[in-house]
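Order-wise, the sequence lines are chains A and B. Sequential numbering of the first sequence, starting at 914, is according to this note's numbering. Sequential numbering of the second sequence, starting at 122, is according to this note's numbering. Here a beta-carbon is modelled for each residue, glycine too, at the ideal position from N, C-alpha and C.
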Amino acid sequence: MKLSLKAKDSIFGYTLILPTLIAFGVFVYRPLIDTFIISFHEWNMIGSKTHVGLNNYIELLSSKSFQSALINTGYYAILLILFIIVLPTFVVAGIYYISEKTKNFYRVAIFTPAIISLGIASIVWSWFYNPIGGLLGRILESLGYTPVNWLSSSKTALFAIVIVVTWKAFGYSFLLIMAGLTGIPVSVLDAARVDGATGFKLWFHIILPLISPTLLFVFVFTLSMSAEYVFTPIHVLTGGGPQNATTNLMFEIWRQAFQWFRVGTSSAIAIIVFVIFTALMLLKNIISKRIISYDER
Amino acid sequence: MMKDKSYLKKLLNKNIFWHLILLIFVIISLMPIIWMISTAFKTPQEIFGTELNIIPSNPTLNNFIKLEKGFNIVQIILNTFIVATLLTLSRTFTGLLAAYGFARFNFPFKKLLFFLCIVTLFVPIQVVMISNYLLISKLGLINNFLGVVLPQFAHAFALFLLYQHLMVFPEEIIEAASIDGAGRIAILFKIVIPCIRPALIAVSIIMFINSWNQYVWPSIILRKPEYMTLPIWLRHFMHAEAGLSWGLLMAASLIGVFPVLFLYIFAHRKIIDTFVGSGVKG
Chain A
914 MKLSLKAKDS IFGYTLILPT LIAFGVFVYR PLIDTFIISF HEWNMIGSKT
964 HVGLNNYIEL LSSKSFQSAL INTGYYAILL ILFIIVLPTF VVAGIYYISE
1014 KTKNFYRVAI FTPAIISLGI ASIVWSWFYN PIGGLLGRIL ESLGYTPVNW
1064 LSSSKTALFA IVIVVTWKAF GYSFLLIMAG LTGIPVSVLD AARVDGATGF
1114 KLWFHIILPL ISPTLLFVFV FTLSMSAEYV FTPIHVLTGG GPQNATTNLM
1164 FEIWRQAFQW FRVGTSSAIA IIVFVIFTAL MLLKNIISKR IISYDER
Chain B
122 MMKDKSYLKK LLNKNIFWHL ILLIFVIISL MPIIWMISTA FKTPQEIFGT
172 ELNIIPSNPT LNNFIKLEKG FNIVQIILNT FIVATLLTLS RTFTGLLAAY
222 GFARFNFPFK KLLFFLCIVT LFVPIQVVMI SNYLLISKLG LINNFLGVVL
272 PQFAHAFALF LLYQHLMVFP EEIIEAASID GAGRIAILFK IVIPCIRPAL
322 IAVSIIMFIN SWNQYVWPSI ILRKPEYMTL PIWLRHFMHA EAGLSWGLLM
372 AASLIGVFPV LFLYIFAHRK IIDTFVGSGV KG
């Protein structure tokens, strides 16, 4: 039997994508189903599994550490939105007035932390926070304050972790928002200026609406990061403590499974996180379809 | 009527105001790195001394020597290089094959399969790590580099970036080659790969940085210190052995950021463009 050229092309196409399909099938889609099934069982990773129905999910509702994790994830999200979206939008406003050459220097310098491992960044920042000899303590001391360990007080630990993540992620969102800004056609800005829009008016009525697709992307990126990225500094610096003050949903998945060996509970949290993430992505797509667009690329 | 706000407007339009603000951000971005480098070359006396010097008053390599003699740092660097290189090669290669397949050939369910590949970018590792850990431990690959590499030998970001480049690859070149009798595989290796070399390099750099920096998955698989990669070994080192030896910790951190910093210094334009370009489109 001789295959047609079209059939040969199909087979060759499938062969090319096969390794990738296997990777994602076995290590992304299989685990999703597997985790979903485990979430209805009680299991300590060693003994045998007991089917417990929805029990794991019901128990989570009254679990203190899960409640802290949920609330903290919200705190992380709010603080990171403030630091990684609102703040860089303001700074980008400045770069708008600056010449092309110096602009590049600022871009390269501010993006530098983005390429550094979050694990290493956490260690470097813990040296910065360290009350004995750390830079922050020295600065506070010279101003007449007594240095405290930010990471061991439940009032400041979460904020200290937000600072680490902000440091790492700021440059990325800064450049994204800047790229959004540079993407606005000069003709649009000139037309607005001719119509009398300047300064703040130009910013709030013309520029911000125009870069709203970029802001939306950064917004979703920040929300998912407030869950995902934050894991590493928590794992390195606080272990979720003190008194659950820094734990979040992702860290709870890890802690339940790898510290307390409650694999069923851990899987239930994983499924909840997955549902939240999927909802977030769908919401982003719905909003971005409705959002005004000046450019039909 | 615009005059009322003229003072504020003038201030905002003044470059000096923005230079100052941007410089503050530059300092915040670079200060921890500079402080880390400075501490790495200091003696314990100077680290905890009263003076605050950015450039160490008597710089020493002692921290690095101690790391090499007492803590086998060379092995840790080697581990990180092996894992990062394996991941970079496998992800770039599988990404190239798949991107070529999706961009150049037609087959049933193509759109759906492409979508299923790309959305894996949005599945957090923590969601799938329990099940993957169970599978890897069943295969006996705990404390094994293969256990780190195997579950992530393909990466949607590599696929996506190369796909974008292959979509705009001129059809005529491929047609001319196939008229000359070149087979599909020969076209890929002899014509496509040389033409998209810049994109392949960009993807490799990004994948190397990503793999070198990786934390979550290696921390689950590599439990014995002698198998650890640098970012997770640092945490182990801080909690188990170094205690408050910040000189040692910062020296090890410097070793950990050196390769990516080196890449960044020479390829910052490429790295920034690849990160930002993909972000806006995604």
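In this structure, VAL147 (chain B) sits away from TYR1085 (chain A), with a CB-CB distance that is not shorter than 8 Å.
It is roughly 30 Å from the alpha-carbon of HIS140 (chain B) to the alpha-carbon of TYR1058 (chain A). Secondary structure note for TRP1038 (chain A): its alpha helix (DSSP H) is the uninterrupted segment 1031 to 1042. About 4 Å separates the beta carbons of ALA220 (chain B) and LEU283 (chain B), which is inside the 8 Å limit, making them a contact pair. Bounds of any alpha helix (DSSP H) do not take in VAL313 (chain B), whose DSSP letter is neither H nor E.
Neighbours of ILE353 (chain B) in chain A, taken as residues whose beta carbon is under 7 Å from its own, are GLY1032 in chain order. Shown here, HIS276 (chain B) sits in coil according to DSSP, grouped into three states, outside any helix or strand. Residue pairing by DSSP puts GLU955 (chain A) in a beta bridge opposite A:THR963. The DSSP-derived three-state label of LEU182 (chain B) is coil. Residue state for GLN1156 (chain A) is assigned as coil, using DSSP reduced to three classes. Look at GLU1054 (chain A) here: in three-state DSSP terms it is helix.
Bounds of the alpha helix (DSSP H) holding VAL1004 (chain A) are 1000 to 1008.
At a cut-off of 8 Å between beta-carbon atoms, PHE185 (chain B) makes no contact with chain A. Sequence-ordered contacts of the region 334 to 346 of chain B with chain A read ASN334, GLN335, TYR336, VAL337, SER340, ILE341 [C-beta pairs closer than 8 Å]. ARG1051 (chain A) belongs to the set of residues whose beta carbon lies under 8 Å from a beta carbon in chain B. The Cβ-Cβ distance between ILE175 (chain B) and SER1180 (chain A) does not fall below 8 Å. Judged by DSSP in its simplified three-state form, PHE230 (chain B) adopts coil rather than helix or strand. The alpha carbon of VAL289 (chain B) has as its nearest neighbour, out of B:PHE214, B:PRO380, B:ASN193, B:ILE317, the alpha carbon of B:ILE317. Of all residues in the region 377 to 393 of chain B, the ones placed with a Cβ closer than 8 Å to any Cβ belonging to chain A are GLY377, VAL378, VAL381, LEU382, LEU384, TYR385, HIS389, ILE392, ILE393, in chain order. Neighbours of PRO272 (chain B) in chain A, taken as residues at a C-beta separation under 7 Å, are given in chain order as PHE940.
Within the same chain, and ignoring the five residues on either side of HIS286 (chain B) in sequence, the residues whose Cβ sits closer than 8 Å to its Cβ are ALA220, ILE317, ALA320. Among the residues facing chain B, SER1179 (chain A) is included, as its CB has a counterpart in that chain under 8 Å away.
In chain order, ASN184, LYS187, LEU188, ALA363 place their CB closer than 7 Å to the CB of LEU369 (chain B), counting only its own chain and leaving out the 5 sequence neighbours on each side. Residues of the region 1184 to 1207 of chain A that bring their beta carbon within less than 7 Å of a beta carbon in chain B comprise VAL1186, PHE1187, PHE1190, MET1194, in sequence order. Using a CB distance cut-off of 8 Å, ARG356 (chain B) counts as an interface residue toward chain A. The beta carbon of TYR970 (chain A) is closer than 6 Å to those of ALA1181 in its chain, skipping five residues each way along the sequence. Fully contained in the region 290 to 372 of chain B are the following alpha helix (DSSP H) runs of length 4 or more, in chain order: 292 to 300, 305 to 308, 318 to 334, 337 to 342, 351 to 358. By the criterion of a C-beta distance shorter than 8 Å, SER374 (chain B) is surrounded in its chain by MET157, ALA161, LEU355, once the five residues flanking it on both sides are discounted. Contact annotation: GLY216 (chain B) and ALA275 (chain B) have beta-carbon atoms nearer than 8 Å. Residue contact with chain B for GLY1154 (chain A): absent (no Cβ-Cβ distance below 8 Å to any residue of chain B).
ARG1175 (chain A) carries a coil assignment under DSSP once its states are collapsed to helix, strand and coil.
When DSSP states are grouped into helix, strand and coil, PHE169 (chain B) belongs to the coil group. A Cβ-Cβ distance of about 7 Å is found for the pair VAL381 (chain B) and ILE1029 (chain A), placing them in contact under the 8 Å criterion. For ASP922 (chain A), the secondary structure class from DSSP, reduced to helix, strand or coil, is helix. Counting only the Cα atoms, ASN200 (chain B) lies some 21 Å from HIS1148 (chain A). At a cut-off of 8 Å between beta-carbon atoms, ARG1106 (chain A) makes no contact with chain B.
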